[in-house]
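**Q**
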Amino acid sequence: MGEAIVAVIYISIGSMALYFAAGRIAKDVVDKKTLNIWIASWISATAVLFLIPNFFAFAGFLVLIAIITRKVLPAGQNIYLYIILSFLAPTFVVSMPGFAGINGLLDLTAQRVLAMAFLLPAIPAALRMPVSDRLRLVDKLVILFVFLVSVLYYRHYEATATDMVRRAISHTLDIWVPYFVFSRLVSLADIRKAYFAFIIAAIPLPIIGFLEFSRTWRMYNLVAESWGIPLLQSYLFRDGMLRAAGPAVEAIAYGFVCMVAMGCMLAFLAKGQRNLFSLGLLGALTMGLIISLSRGPWVGAAVMVVVFVVARPKAVSNTMRATIGGLLLLVPVLMSPLGGKIIRFLPFVGTVENNNVDYRQQLFDNSVAIIQRHPFFGSANFLTEPEMLAMRQGQGIIDVVNTYLAIALEYGYVTLAAFIGIFVLISFALFKLALKDDEAGFLARICLTIYAGILLTIVTVSSVSFIPYIYWTFAGIGVALVRAAALNIQPVANTAAPSGPRKMQVIGPDAWARPTAFSGTQKQTSNLKLVRNANDR
1 MGEAIVAVIY ISIGSMALYF AAGRIAKDVV DKKTLNIWIA SWISATAVLF
51 LIPNFFAFAG FLVLIAIITR KVLPAGQNIY LYIILSFLAP TFVVSMPGFA
101 GINGLLDLTA QRVLAMAFLL PAIPAALRMP VSDRLRLVDK LVILFVFLVS
151 VLYYRHYEAT ATDMVRRAIS HTLDIWVPYF VFSRLVSLAD IRKAYFAFII
201 AAIPLPIIGF LEFSRTWRMY NLVAESWGIP LLQSYLFRDG MLRAAGPAVE
251 AIAYGFVCMV AMGCMLAFLA KGQRNLFSLG LLGALTMGLI ISLSRGPWVG
301 AAVMVVVFVV ARPKAVSNTM RATIGGLLLL VPVLMSPLGG KIIRFLPFVG
351 TVENNNVDYR QQLFDNSVAI IQRHPFFGSA NFLTEPEMLA MRQGQGIIDV
401 VNTYLAIALE YGYVTLAAFI GIFVLISFAL FKLALKDDEA GFLARICLTI
451 YAGILLTIVT VSSVSFIPYI YWTFAGIGVA LVRAAALNIQ PVANTAAPSG
501 PRKMQVIGPD AWARPTAFSG TQKQTSNLKL VRNANDR
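Reminder that position 449 of the sequence shown reads as 449 in UniProt numbering, one-by-one numbering, no gaps.
1) Rounded to the nearest angstrom, how far is the Cβ of Glu264 from that of Phe182, given a contact under 8 Å?
2) Check whether the Cβ atoms of Ser465 and Thr172 lie closer than 7 Å to each other.
3) Could you spell out where the beta strand (DSSP E) holding Ser95 opens and where it closes?
4) Can you list, in chain order, the residues of its chain with a C-beta nearer than 6 Å to that of Val63? Leave out the 5 residues immediately preceding and following it.
5) Where does Arg238 sit, in a helix, a strand or coil, going by DSSP?
6) Nearest to Val93 by alpha carbon, out of Ser86, Asp107, His374, Leu433?
7) From the DSSP output, which residues share a beta bridge with Leu108?
8) Assign Asn381 to one of three DSSP states: helix, strand, or coil.
9) I need the straight-line Cα distance from Val142 to Ala261, nearest angstrom please.
10) Evaluate Glu212 with the Cβ neighbour count: other Cβ atoms within 10 Å of its Cβ, from every protein chain shown; 16 or more gives buried, anything less gives exposed.
11) Leu433: which of Ala369, Tyr153, Ala486, Arg360 sits nearest, CA to CA?
12) Applying the criterion that 16 or more other CB atoms from any shown protein chain within 10 Å of the CB defines a buried residue, is Ile11 buried or exposed?
13) Taking C-beta to C-beta, are Leu148 and Tyr411 nearer than 7 Å?
14) Return the residue from the list Asp31, Leu35, Ile37, Ser86 that minimises the CA-CA distance to Leu49.
15) Quick one, which of Leu416, Ala168, Val309 has its alpha-carbon nearest Ile450's?
16) Rank Met16, Arg360, Ala480 by C-alpha distance to the C-alpha of Leu35 and give the top, closest one.
17) Considering only residues of the same chain and omitting the five flanking positions on each side of Gly255, which have a CB-CB separation below 7 Å?
18) Does DSSP classify Arg295 as helix, strand or coil?
19) Which residues in the same chain as Ala253 place their Cβ atom closer than 8 Å to its Cβ, once the five residues preceding and following it in sequence are excluded?
20) Of the choices Tyr359, Ile13, Leu266, Glu225, whose alpha-carbon is the least far from that of Ile207?
21) With distances taken Cα to Cα, identify the nearest neighbour of Ile52 among Ala429, Ile67, Leu236, Glu225.
22) Using the Cα positions of Gly476 and Arg192, report the straight-line distance between them to the nearest angstrom.
23) Pick from Leu205, Gln233, Ser95: whose alpha carbon is nearest that of Leu105?
24) Can the beta-carbon of Tyr413 be found closer than 7 Å to that of Pro375?
25) For Val492, is the classification buried or exposed, using 16 other Cβ atoms within 10 angstroms of its Cβ as the cut-off for buried?
26) Using a Cβ-Cβ cutoff of less than 8 Å, which residues in the same chain neighbour Phe377 once the five nearest sequence positions on both sides are dropped?
27) Does the distance from the C-beta atom of Ala89 to that of Pro247 stay below 7 Å?
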C-alpha cells in the first residue's frame with residue numbers, strides 16, 4: 001500500500017502542473033466547470049485504481065462517475081469522459097463470474113466499462129438523430145468488420161457458441177460503440193473538443209513516463225499485482241534504459257498515445273493560439289514520445305509533421321519553410337553529444353537492437369506464405385503453421401508486430417479490405433477538406449495528420465493496449481468532421497418534404513443526409529436543419 005500511495009501522490013502532483021497549462025489553452029473549447037469535472041474525474045479514478053486493489057470496485061467507481069457527470073454536465077457532454085479516462089488504467093482483461101454452467105459472462109476491461117457507462121446511454125439519442133437514419137458506407141464497413149472478426153473466431157477449436165457471443169460483445173464495445181457515438185458529433189466545436197479531450201487524457205503520461213524512466217520503477221505493475229494479472233515482461237529495457245510505458249504497459253503503445261496527442265496539439269498551435277503553455281504541453285508530449293524508446297511512433301510522428309505541412313493550401317512554400325526550419329533545429333542537436341545516441345536508436349541506420357528490422361522482414365515473408373494458403377478468411381490456427389513456429393522468440397512467444405498482417409493472418413484479405421477501406425474512405429474525404437483554407441480545413445488537416453501517423457505506426461506493432469481504442473475513436477471523429485463540414489457549408493434546407501427520393505452521397509465535403517419522415521403529427525424536417533439548429537447556434 002505504501003508504494004501505491006507514493007504513486008498516487010507523484011502522479012497527481014505532476015499531472016496537476018500540466019493540467020494547469022491545459023487550462024490556459026482551453027478558452028473557447030470547454031468552460032471552466034467542465035474542465036474541472038474532467039480533471040477531478042481523472043484524479044479521483046487514478047486514486048481508486050491504486051488504493052483499492054479490486055477491479056470490480058474500480059469499475060463501479062467509473063460507473064458512479066458516469067452517473068454523476070450525466071447530471072452535472074449538459075446533455076450528451078459526458079461522452080468525452082470516455083476519451084479522458086481511456087488511458088487511465090491498463091487494458092487488462094478480467095472475466096466477469098458466470099452462473100448456471102457459464103464460466104464467464106463477459107471479458108471486461110476498464111475501457112469496456114467506460115464504453116458501457118458513458119457511450120451506451122448516448123446510442124439511443126444518436127440513433128434518433130436524422131443524420132443516422134441511413135448507414136453510410138463507412139458505417140457498413142465497420143459493422144462488417146465487427147461481424148467478421150466475431151463470427152470467424154468460432155473456428156478456434158476450443159471456441160463455443162457462448163465464446164463467440166462473448167467475443168461479439170467485446171468487439172462491439174471496443175469497435176462499434178466508440179466509432180458510432182463519436183461519428184455522430186455534429187459541429188466543428190465538437191471536433192475541437194474531442195481533440196482537447198484527447199490531450200487531457202494523454203498529458204499525465206509524460207509525467208508518469210518520466211518517473212518510470214528516471215526511477216526505473218514501473219508504477220502500474222502494482223495494478224497488475226492487485227488485479228491478479230501475470231505480466232510476461234514486467235520491465236523492458238533498451239540499451240540499458242527502462243522504456244517508459246505507464247498505464248499502457250507496452251512501451252510502444254505508450255509512445256503511440258503521446259504521438260497521437262501531439263497531433264491533437266496542432267489544433268492549439270495555430271497563429272494567434274500559440275503560447276508558452278501550448279508549446280510546453282507539446283514539449284512534454286514530445287518528451288513522453290522520446291522516453292518510450294519506441295521507433296515506430298518516432299517515425300509516425302515524423303510522418304505526421306510531413307503530412308500536416310503538405311496537406312494544406314500553399315503546400316510548396318510551407319514545405320520549404322518547414323524543411324529549412326527543421327534542419328536548423330536538427331543540425332545542432334546531431335552535433336551535440338546527444339546526437340550520437342539519437343542516431344544509434346534510429347531505425348535502419350541505428351545499431352541498438354537492429355535485429356528487429358530483420359525479424360520484421362522475416363515475419364512479413366513468412367506471413368505472406370501463410371496468407372496465400374488461406375487468402376479469403378485467414379486461419380484461426382495460423383500460429384501453429386511451420387512458418388510461424390520458426391518465428392518463436394526467446395520468451396517463447398510469437399510476436400506478430402504488424403496490425404495489417406495480424407488481421408490478414410487470422411481473418412483473411414476480406415476482413416483486411418474492410419479495415420483498410422474504412423480509413424481510406426475517410427482519409428480521401430478529409431484530404432479534400434484539408435485543401436480548404438477555413439476552420440473545417442484546418443481541423444481536417446489535423447485529423448488527416450493523425451491518421452497518417454496511426455496507419456504507418458500500426459505497420460510496426462500489433463493492436464495491443466490502447467492502440468485499437470484510439471484508431472476506432474478517431475475513425476468516428478473523422479466521419480463526424482466530414483459531416484460537420486458539410487453542415488457548415490450548406491444552407492438550411494426547406495422544411496417542406498421533398499417531392500421524391502434523392503441519391504445520397506456516401507461521404508465527402510458535399511455529402512448530405514436524406515430527409516426523414518417523423519411519425520404522428522410531427523413535420524418532416526431536413527436532417528441538416530435539425531442538426532444545425534441543435535448544435536451550431
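C-beta: ideal position from N, C-alpha, C; glycine also. Predicted model, so just to flag it, every value in this text is computed and none were measured.
**A** Reading it off the structure:
1) For the purposes of this step, residue 264 is identified with residue 264 of the sequence shown, where counting begins at 1. For the purposes of this step, residue 182 is identified with residue 182 of the sequence shown, where counting begins at 1. Before going further, note that residue 264 is Cys rather than Glu in the sequence given. At roughly 14 Å, the Cβ-Cβ gap does not stay under 8 Å, so Cys264 and Phe182 are not in contact.
2) For the purposes of this step, residue 465 is taken as residue 465 along the sequence shown, with counting starting at 1. For the purposes of this step, residue 172 is taken as residue 172 along the sequence shown, with counting starting at 1. It is not a contact, given that the beta carbons lie outside the stated cut-off.
3) To locate residue 95, count along the sequence shown from 1; it is residue 95. That run of the beta strand (DSSP E) goes 94 to 97.
4) Position 63 of the sequence shown holds residue 63. Answer for Val63: Ala117, listed in chain order.
5) Within the sequence shown, the letter at position 238 stands for residue 238. Arg238: strand per DSSP, three-state reduction.
6) Position 93 of the sequence shown, counting from 1, holds the residue named residue 93. Closest by alpha carbon: Asp107.
7) Residue mapping note: residue 108 aligns to position 108 of the sequence shown, counting from 1. BP columns for Leu108 point to Val94.
8) Taking the sequence shown and counting its residues from 1, the one referred to as residue 381 is at position 381. Three-state DSSP puts Asn381 in coil, outside helix and strand.
9) Position 142 of the sequence shown, counted from the first residue, corresponds to residue 142. Position 261 of the sequence shown, counted from the first residue, corresponds to residue 261. So the alpha carbons of these two residues sit roughly 24 Å apart.
10) One-based indexing of the sequence shown puts residue 212 at position 212. The residue in question, Glu212, is buried, as its Cβ has 16 or more Cβ neighbours within 10 Å.
11) In the sequence shown, the residue the question calls residue 433 occupies position 433. The option with the nearest alpha carbon to Leu433 is Ala486.
12) What you label residue 11 is simply residue 11 of the sequence shown in a count that begins at 1. Per the 10 Å Cβ criterion, buried.
13) As a working mapping, residue 148 is identified with position 148 in the sequence shown. As a working mapping, residue 411 is identified with position 411 in the sequence shown. Cβ distance < 7 Å, so Leu148 and Tyr411 count as in contact.
14) Stepping through the sequence shown from its first residue, residue 49 is reached at position 49. Ranking Asp31, Leu35, Ile37, Ser86 by Cα distance to Leu49 puts Ser86 first.
15) Within the sequence shown, residue 450 is the residue found at index 450, counting from 1. Of Leu416, Ala168, Val309, the residue nearest in Cα terms is Val309.
16) Within the sequence shown, numbered from 1, the residue matching residue 35 stands at position 35. Considering only alpha carbons, the answer is Met16.
17) Within the sequence shown, residue 255 is the residue found at index 255, counting from 1. Hits under 7 Å: Leu289, Ser292, Ser294, Pro297.
18) Taking the first residue of the sequence shown as 1, we reach residue 295 at position 295. In this structure, Arg295 counts as helix in the three-state DSSP scheme.
19) Numbered from 1 along the sequence shown, position 253 holds the residue referred to as residue 253. The residues are Ala245, Val461, Val464, Ser465, Phe466, Ile467.
20) Taking the sequence shown and counting its residues from 1, the one referred to as residue 207 is at position 207. That would be Ile13, whose Cα lies nearest to the Cα of Ile207.
21) Position 52 of the sequence shown, counting from 1, holds the residue named residue 52. For the residues Ala429, Ile67, Leu236, Glu225, the minimum Cα distance to Ile52 belongs to Glu225.
22) For the purposes of this step, residue 476 is identified with residue 476 of the sequence shown, where counting begins at 1. For the purposes of this step, residue 192 is identified with residue 192 of the sequence shown, where counting begins at 1. Near 14 Å, if we compare the C-alpha coordinates of Arg192 and Gly476.
23) As a first step, residue 105 is located in the sequence shown; it is residue number 105 there, counting from the start. Nearest option by C-alpha distance: Ser95.
24) As a first step, residue 413 is located in the sequence shown; it is residue number 413 there, counting from the start. As a first step, residue 375 is located in the sequence shown; it is residue number 375 there, counting from the start. In contact: Tyr413 and Pro375 (Cβ atoms closer than 7 Å).
25) As a working note, residue 492 is residue 492 in the sequence shown. Since pLDDT at Val492 reaches only 40, below the 50 mark, its modelled position is unreliable, and no value is offered.
26) Start at 1 with the first residue of the sequence shown, and residue 377 comes out as number 377. Counting only Cβ-Cβ distances below 8 Å, and skipping sequence neighbours, we find Leu148, Leu152, Tyr411, Gly412, Val414, Thr415.
27) In the sequence shown, the residue the question calls residue 89 occupies position 89. In the sequence shown, the residue the question calls residue 247 occupies position 247. For Ala89 and Pro247, yes; Cβs fall inside 7 Å.
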